[in-house]
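Residue numbers (my numbering): 105 to 526.
Don't be surprised by glycine CBs; every beta carbon is placed ideally from N, CA and C.
This structure is a prediction, so every number in the text was calculated from the model and none was measured.
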């Protein structure tokens, strides 16, 4: 009797066939697991609609790659990992980061060295990222904010690059808090050898993770994909210093799409080094001057960790200093940000009112009602509708068509749907 395959091989097979960062959500919603996809017939996969050109992000040639990719091609990868103390975590493993499962194109496999438990720690996880060549101000900002977050037991997430990333990891290690380093290459690939010592220290104080198999060399396109994991495992990301063309802004874009909080440290308006950071604030990112400004956004999530003294709450960020920019500068900057954010407050009230007005349309089918009720007032991605309704992909599409014909929802592009009439 043939030995049963290691279940991780199915996920490695799917990853190898469709490529890193492929939008497999709809496919996995339809079949539930990589193994079910492997065992499905060609006709079944074709009829599922998951490989309709351009609709779900998977093309017809993806179906051909599934057919021609050897399921056992991942065996050597697993052997290497076993011999070199690398854990292979797949989406069906309870150790897989739950926050990552909420993004559209979550990694089909994670290769981890270090403390796996920190990937699912209930503590606040904040990404701290920025330029590889920081100014003195950027270095100071990174140190103060990261140390403040670390002292309050926030997990620090970054990309292990030179500059801001390295400073953030180093501060977390010195403050004895957990830190997660997300790589844009495979373990043992010798990328950025000058940071090998830092990666080893992170492994002892948290975890180094990547979706790329061991020895995979760094590729130019791998880092933008890596960035979605940095934001994906975090509650929010802090942009310390970034010019208008910085790759750091790519992480901020991922964070927005993933509905993560985006924070940015304001910088000199005459400096190109801060043009990207300042634009993020103009576009709606939270301006922050200290760890306190970040932590204040999670006041309720941290409620269980607040210490009480004489009946008065002692907030976890108490005692953390703001930047020594001068009281007038800080006060003026915060005042400007509050004024800029007033429209958002109005919008929030409008959304709240709209929620009250949103009622299930009469005369629609049961599935259409279910789909309608899981949709948000604002634009809702198709992947979210499929996941939250727990209906098969085909039934969701039929229900959406019914709702569109009835004028209850409209497709606004990018596989996003919007409730109409509220």
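With a cut-off of 8 angstroms on the beta carbons, I'd call residue i and residue j a contact; round off their distance for me.
i, j, result
"residue 381", "residue 239", "That pair is no contact at about 11 angstroms."
"residue 138", "residue 118", "4 angstroms"
"residue 246", "residue 272", "6 angstroms"
"residue 398", "residue 253", "6 angstroms"
"residue 277", "residue 305", "6 angstroms"
"residue 213", "residue 321", "Actually they are not in contact, since the Cβ atoms of residue 213 and residue 321 sit about 18 angstroms apart, beyond 8 angstroms."
"residue 251", "residue 173", "Their Cβ separation, rounded to whole angstroms, is 46 angstroms, which puts residue 251 and residue 173 out of contact at 8 angstroms."
Between the beta-carbon of residue i and the beta-carbon of residue j, is there less than 9 angstroms?
i, j, result
"residue 523", "residue 479", "yes"
"residue 262", "residue 232", "yes"
"residue 500", "residue 476", "no"
"residue 266", "residue 237", "yes"
"residue 193", "residue 229", "no"
"residue 335", "residue 308", "no"
"residue 302", "residue 270", "yes"
"residue 346", "residue 234", "yes"
"residue 521", "residue 495", "no"
"residue 175", "residue 113", "yes"
"residue 311", "residue 189", "no"
"residue 209", "residue 332", "yes"
"residue 497", "residue 140", "no"
"residue 201", "residue 337", "yes"
"residue 465", "residue 473", "yes"
"residue 249", "residue 394", "yes"
"residue 196", "residue 111", "yes"
"residue 371", "residue 242", "yes"
"residue 379", "residue 356", "no"
Buried or exposed, going by whether 16 or more other CB atoms sit within 10 Å of the CB of residue i?
i, result
"residue 198", "exposed"
"residue 108", "exposed"
"residue 507", "buried"
"residue 489", "buried"
"residue 282", "buried"
"residue 487", "buried"
"residue 358", "buried"
"residue 122", "buried"
"residue 268", "buried"
"residue 509", "exposed"
"residue 279", "buried"
"residue 124", "buried"
"residue 463", "exposed"
"residue 460", "With a pLDDT of 40 at residue 460, under the threshold of 50, the modelled position of that residue is not reliable, and the figure given next carries that caveat. Exposed, because fewer than 16 other Cβ atoms sit within 10 Å of the Cβ of residue 460."
"residue 129", "buried"
"residue 155", "buried"
"residue 450", "Unreliable positioning characterises residue 450 in this predicted model, as indicated by a pLDDT of 41, which lies under 50. The coordinate reading is nonetheless provided below. Per the 10 Å Cβ criterion, exposed."
"residue 348", "exposed"
"residue 385", "buried"
"residue 185", "buried"
"residue 297", "exposed"
"residue 275", "buried"
"residue 294", "exposed"
"residue 519", "buried"
"residue 396", "buried"
"residue 491", "buried"
"residue 374", "exposed"
"residue 469", "exposed"
"residue 221", "exposed"
Three CB pairs or more closer than 8 angstroms across the segment 179-188 and the segment 200-207: no
For the segment 280-289 and the segment 326-342, state whether three or more C-beta atom pairs, one from each stretch, are separated by less than 8 angstroms. yes
Give a yes or no on contact between the segment 337-350 and the segment 360-372, applying the rule of three or more CB pairs nearer than 8 angstroms. yes
Segment contact, 8 angstroms Cβ cut-off, at least three pairs: the segment 218-228 with the segment 138-157: no
Can you give, in chain order, each stretch of the beta strand (DSSP E) that sits fully within the segment 246-321 and has at least 3 residues? 259-262, 283-286 and 310-314
Go through the segment 473-515 residue by residue and report every complete run of the alpha helix (DSSP H) that reaches 4 residues or more, in order. 486-493 and 497-509
Runs of alpha helix (DSSP H) lying entirely within the segment 328-378, each at least 4 residues, in chain order: 352-361
Just list the alpha helix (DSSP H) runs in the segment 173-205, keeping only unbroken ones of 4 residues or longer that don't cross its boundaries, in chain order. 179-187
Secondary structure, alpha helix (DSSP H): runs of 4+ residues fully inside the segment 109-136: 112-122 and 129-135
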